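Written out below as structure tokens is the structure these notes cover.
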Amino acid sequence: MRLLVIEDDPLLRHSLTEGLREELYAVDSAADGDEGLVKALATDYDGIVLDGMLPGIDGWELLRRLRLEKATPVLMLTARDAVTDRIRGLDAGADDYLTKPFDFEELLARLRALIRRSSGRGSSLLEIDGIEIDTAARSVRRDGEIILLTPREYGLVEYLALHRGSVVSRTELYEHLFDETENTLSNLLDVHVSNVRKKLGPAFISTRRGHGYSIE
Amino acid sequence: MKRLFRSVRWRLLLWYALILLGLITGLCLLAFRLTANDRTSQIDREIRNFQGTFFRSLFASQPLPNKDDPPSVDEIRQRLRNPGDASSFPPELHALFEGGSGGTYLACWDSDGSELFISANAPADLTPPRQTGDGSTGYVEIGHRREQHRINPSGMSSIIGRDIAAEQAELRNFGLLLALGGAAVWLAGLGGGWWLAGRALKPIDTIGRTASRIAAGNLDERIELARTDNELDQLGGVLNDTFDRLAAAIERQKRFTADASHELHTPVTIILSETQRALKREREPEQYREILANCRTAAERMRALVESLLVLARQDLPSPGTEPVACDLAEIAGGVADLLQPLANEHSIAIHRELSPAPLHGDPHSLAMIVQNLLSNALVHPPSGSQVFLKTTTTADSVLLEVRDSGPGIAAEHLPRLFDRFYRADSARGQANGHTGLGLAIAKTIVGNHGGKIEVHGADGTTFRVTLPKG
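As structure tokens, this is what we get:
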């Protein structure tokens, strides 16, 4: 899952980015509204954490312009606990909001819910052929037994499971599993896919040559 | 009842009632008196006329030998004793001889008290008059009768009188009517007074109700003015002005509180998110160190903000302990420049000092804060390698402090709000270097408290000029 954090305060940006990375998200960051809008339009993020008060174009305006083109899930951070600010944000197209200061765990839970909803699922549990994926605990079980996956492997499984039935291209997978700071080797994805097949069964991920991967 | 008399309307009405009562009573008494006097003099005139008619008739039936001479006392005496037949008198005098009661009666006595003529209709208890006022003729009222008492120089005396019960009853009726009319007028006046007082006090009532609605929190409401420019309208205008100022002050306070809490939210968020991140899993000491450093930076930012807020609060409500002392602005500016030299070195900015003595009365600590806020702005915002000029001078009645930098200046759109609390021209929350967005607001407040003014010019570098009264 790849996220974009748009926050002007350098310390808070750093803290959010690092915290989310530790939660196994691929995270990009932007320091002002203009940079944030460019990035949000260029990449299909799984979610955007957007601060309302930004230098350049502010959060609400950014959201309005983003919504003209994309439906990326957006969680807004508002500093003022004013109802009007929240209404403005939700009306401009935000999917959820949090008031500063917020609890980091709550931010994580809301982001998970946001991503889950945008993929059209209501529950944090996914079940595929006897394999159970818990997106809240970030764990995978087969017949009740936990199967250890590396963060990247888990991310791969989760993304494909959320887009179950459709073919996901390699580019899309790259875009959602690695952030802008990582300079990945093109065959790294194949390594992860083969590792997952070893752990969860060779038929779990099927390859569509020339198109990408999918979970049926 | 006590409450009633505290009401202005009731008290106005009470005074009004008393004054009106006095006036109406006075007028009624005057009217009654005048009418009574008029009646009395009319009766007296009738009596005099009657007397004339009687005596003319007395002599008309048997004319005197010498017409031109006035009759002598004896002749009168004799005529009175034998007035002759009633038929020789005009009809209006017949009652004198017919007896009964009513009409005008007449009685004459000789100087020795013997009766000369007593008319038949005279009351039985008539006695010769003894004393009739200061003159020889006088009028007295006895019960229902009014009589003329007269004593001639010759000693003869007479009483001519009539019953005035009808006139007295009429006068009583008139008095009663007057009292009733007066009371009616008084009551009508009271009603009018009540209405007038209510009408005059109605705007006050409206003002009061509006004011209490405003006090209850409806700060946008204002007293409606009738535009007649009377005293109450002027009062309403004054109150509206006061409400405007109060509302503006409350609005400013609200915005300030919202801004302050907003500025505090970010560092609190940082500390919360960093500590939660740190506690989530075991880490390398290096990572803990980094997280702690971040928390410390956030905490320092909060400290700077809280300190600035405290300074502002103190400047807004100066404590009585800070008496102004004589000091030299040049010395203060020099001291601050020395302190900020390391910051200048860090940004590779040269401070040019043009400090000539500038004596004034003030609080040296606050004045130093002005210089520090202006100078550190000039050191932080312009690009490295800029020049900063720090200047103090005096004019005829004031001292000047000028801080000028050779940076890009400030866009005109920012100038009007530059001294607002938490306003930042660069929009970025450049809090990393300890700037809270309160520096210029603090400087402006301090300058205001010293009775001076602060100006800024944004073109061709930024220039801040502080003018303070000379000490």
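Line by line, the protein sequences are chains A and B. The first sequence begins at 759 in this note's numbering and counts up by one. The second sequence begins at 545 in this note's numbering and counts up by one. Don't be surprised by glycine CBs; every beta carbon is placed ideally from N, CA and C. From a predicted model like this one, the values you see are computed outputs, not experimental measurements.
- Message: Going by the DSSP bridge assignment, what does B/T648 pair with across the sheet?
- Response: Taking the first residue of the second sequence as position 1, residue 648 of chain B is located at position 104. Paired residues: B/R706.
- Query: Which chain B residues sit within Cβ distance under 8 Å of A/G968?
  - Reply: The count along the first sequence starts at 1 and reaches residue 968 of chain A at position 210. Near A/G968 there are no residues of chain B at all, since even the closest Cβ is about 41 Å away, more than 8 Å.
- Query: In or out: B/T786 buried (at least 16 other Cβ within 10 Å) or exposed?
  - Reply: Position 242 of the second sequence, counted from the first residue, corresponds to residue 786 of chain B. B/T786 is exposed by the Cβ-count criterion.
- Query: Can you name the residues of chain A whose CB is closer than 9 Å to the CB of B/V812?
  - Reply: Within the second sequence, numbered from 1, the residue matching residue 812 of chain B stands at position 268. Chain A residues near B/V812: K858, P859.
- Does A/D948 have its Cβ less than 8 Å from a Cβ in chain B? As a working mapping, residue 948 of chain A is identified with position 190 in the first sequence. No, no contact with chain B.
- Item | Cutoff 8 Å: A/E776 Cβ touching any chain B Cβ | Taking the first sequence and counting its residues from 1, one reaches residue 776 of chain A at position 18. True, the Cβ-Cβ gap to chain B drops below 8 Å.
- Message: Closest to B/M700 by C-alpha separation, out of B/T841, B/S655, B/A956, would be which residue?
- Response: Indexing the second sequence from 1 puts residue 700 of chain B at position 156. Comparing Cα positions, the closest option is B/S655.
- Comparing alpha-carbon positions, which option in A/V807, A/A961, A/P831 lies nearest A/F862? For this step, residue 862 of chain A is matched to residue 104 along the first sequence. When only C-alpha atoms are compared, the closest one is A/V807.
- Item | Inter-residue Cα distance where the pair is A/A798 and B/D941 | Working through the first sequence from its first residue, we reach residue 798 of chain A at position 40. Working through the second sequence from its first residue, we reach residue 941 of chain B at position 397. One C-alpha to the other measures close to 60 Å.
- Query: Would a C-beta distance cut-off of 8 Å place A/L947 and A/R922 closer than the cut-off?
  - Reply: Here residue 947 of chain A corresponds to residue number 189 of the first sequence, with the count starting at 1. Here residue 922 of chain A corresponds to residue number 164 of the first sequence, with the count starting at 1. Their beta carbons are not under 8 Å apart, which means A/L947 does not touch A/R922 by this criterion.
- Task: Can you pull the chain A residues whose beta carbon is under 9 Å from the beta carbon of B/Q820, in chain order?
- Result: Stepping through the second sequence from its first residue, residue 820 of chain B is reached at position 276. What B/Q820 touches in chain A: G777, D861, F862, E863.
- Query: With 8 Å set as the bound, which would you pick, yes or no: does the beta-carbon of A/E1050 sit closer than that to a beta-carbon of chain B?
  - Reply: There is simply no residue 1050 of chain A to check, as chain A begins at 759 and stops at 974 in what is shown.
- Outcome for B/I794 when other beta-carbon atoms lying within 10 angstroms are tallied against a minimum of 16: Counting from one through the second sequence, the residue named residue 794 of chain B turns up at place 250. Classification of B/I794: exposed, given that the 10 Å Cβ count is below 16.
- In whole angstroms, what is the alpha-carbon distance linking B/L823 and A/T908? The count along the second sequence starts at 1 and reaches residue 823 of chain B at position 279. The count along the first sequence starts at 1 and reaches residue 908 of chain A at position 150. Those two C-alpha atoms are separated by around 21 Å.
- Query: Which ranges does the alpha helix (DSSP H) cover as unbroken runs of at least 4 residues, wholly within the segment 890-940 of chain B, from first to last along the chain?
  - Reply: 908-924
- Task: Indicate the three-state DSSP secondary structure (helix, strand or coil) for B/H693 in the structure shown.
- Result: To locate residue 693 of chain B, count along the second sequence from 1; it is residue 149. Looking at B/H693 - three-state DSSP - the assignment turns out to be strand.
- Query: Shorter than 8 Å from the beta carbon of B/T841 to some beta carbon of chain A?
  - Reply: Here residue 841 of chain B refers to the residue found at position 297 when the second sequence is read from its first residue. Cβ-Cβ to chain A under 8 Å: yes for B/T841.
- Query: How long is the line joining the alpha carbons of A/T857 and B/L769, rounded to whole angstroms?
  - Reply: Position 99 of the first sequence, counting from 1, holds the residue named residue 857 of chain A. Position 225 of the second sequence, counting from 1, holds the residue named residue 769 of chain B. So the alpha carbons of these two residues sit roughly 44 Å apart.
- Is the segment 586-601 of chain B close to the segment 554-572 of chain B, with three or more CB pairs under 8 Å? no
- Does DSSP put A/A895 in a helix, a strand or coil? As a working mapping, residue 895 of chain A is identified with position 137 in the first sequence. In the structure shown, A/A895 sits in coil (DSSP, three-state: anything other than H, G, I, E or B).
- Query: Among B/E851, B/P1013, B/F576, which has the Cα closest to the Cα of B/G719?
  - Reply: Within the second sequence, residue 719 of chain B is the residue found at index 175, counting from 1. Per the Cα distances, B/F576.
- Query: Starting from B/F598 and walking both ways along the alpha helix (DSSP H), at which residues does that stretch end?
  - Reply: Here residue 598 of chain B corresponds to residue number 54 of the second sequence, with the count starting at 1. 552-604 is the span of the alpha helix (DSSP H), which, as asked, contains B/F598.
- Item | Proximity test, Cβ basis, 8 Å: A/E819 and chain B | Looking up residue 819 of chain A in the first sequence gives position 61. No, A/E819 lies away from the interface with chain B (no Cβ there is under 8 Å from its Cβ).
- Message: Out of B/V880, B/R825, B/E851, which one is the CA nearest neighbour of B/G981?
- Response: On the second sequence, residue 981 of chain B is found 437 positions in, with the first residue counted as 1. Here the closest residue by C-alpha is B/E851.
- Are the Cβ atoms of B/T936 and B/L923 separated by less than 8 Å? Here the question's residue 936 of chain B lines up with position 392 in the second sequence. Here the question's residue 923 of chain B lines up with position 379 in the second sequence. No. Outside cutoff.
- 9 Å Cβ cut-off: residues of chain A touching B/S920: Translated into positions along the second sequence, residue 920 of chain B becomes position 376. By Cβ distance, chain A contributes nothing, its closest Cβ being about 20 Å from B/S920, past 9 Å.
- Query: With 8 Å set as the bound, which would you pick, yes or no: does the beta-carbon of B/H809 sit closer than that to a beta-carbon of chain A?
  - Reply: Your numbering for residue 809 of chain B matches position 265 in the second sequence. It does: the Cβ of B/H809 has a partner Cβ on chain A nearer than 8 Å.
- Query: How many angstroms separate the CA atom of A/S876 from the CA atom of B/I751?
  - Reply: Start at 1 with the first residue of the first sequence, and residue 876 of chain A comes out as number 118. Start at 1 with the first residue of the second sequence, and residue 751 of chain B comes out as number 207. If I take the Cα positions, the gap works out to 58 Å.
- Just mark B/H693 as buried or exposed, buried being the case when its beta carbon has 16 or more other beta carbons within 10 Å. Taking the first residue of the second sequence as 1, we reach residue 693 of chain B at position 149. So B/H693 counts as buried.
- Can you name, in chain order, every residue of its own chain whose Cβ lies under 6 Å from the Cβ of B/E711, other than the five neighbours on each side? On the second sequence, position 167 is the one that residue 711 of chain B refers to. Cβ within range, chain order: R583.
- Going by the CB atoms, is the gap between A/D809 and A/E853 shorter than 8 Å? In the first sequence, counting from the first residue as 1, residue 853 of chain A sits at position 95. In the first sequence, counting from the first residue as 1, residue 809 of chain A sits at position 51. Correcting the residue identity first, residue 853 of chain A is Asp in this sequence and not Glu. Not a contact, by the Cβ cut-off of 8 Å.
- For B/V1000, which of B/L918, B/G682, B/S616 has the nearest alpha-carbon? Sequence index remark: in the second sequence, residue 1000 of chain B carries index 456 (1-based). Checking every option, the nearest Cα to that of B/V1000 belongs to B/L918.
- Message: Report the CB separation of B/L911 from B/L873 in whole angstroms; it is logged as a contact under 8 Å.
- Response: As a working mapping, residue 911 of chain B is identified with position 367 in the second sequence. As a working mapping, residue 873 of chain B is identified with position 329 in the second sequence. Indeed, because the Cβ distance is near 6 Å, the residues count as touching under 8 Å.
- Please list the partners that A/S773 has in chain B, where partner means a Cβ-to-Cβ separation under 8 Å. Within the first sequence, the letter at position 15 stands for residue 773 of chain A. Residues of chain B passing the Cβ test: I814, S817, E818, R821, N838.
- B/C702 to B/T579 span [Cα, whole Å]: Start at 1 with the first residue of the second sequence, and residue 702 of chain B comes out as number 158. Start at 1 with the first residue of the second sequence, and residue 579 of chain B comes out as number 35. For the sequence presented, residue 702 of chain B should be read as Ser rather than Cys. Taking the straight line from one Cα to the other gives about 28 Å.
- Query: A/L770 versus chain B: which residues are under 8 Å apart at the beta carbon?
  - Reply: For the purposes of this step, residue 770 of chain A is taken as residue 12 along the first sequence, with counting starting at 1. The answer, in chain order, is T810, T813, I814, S817.
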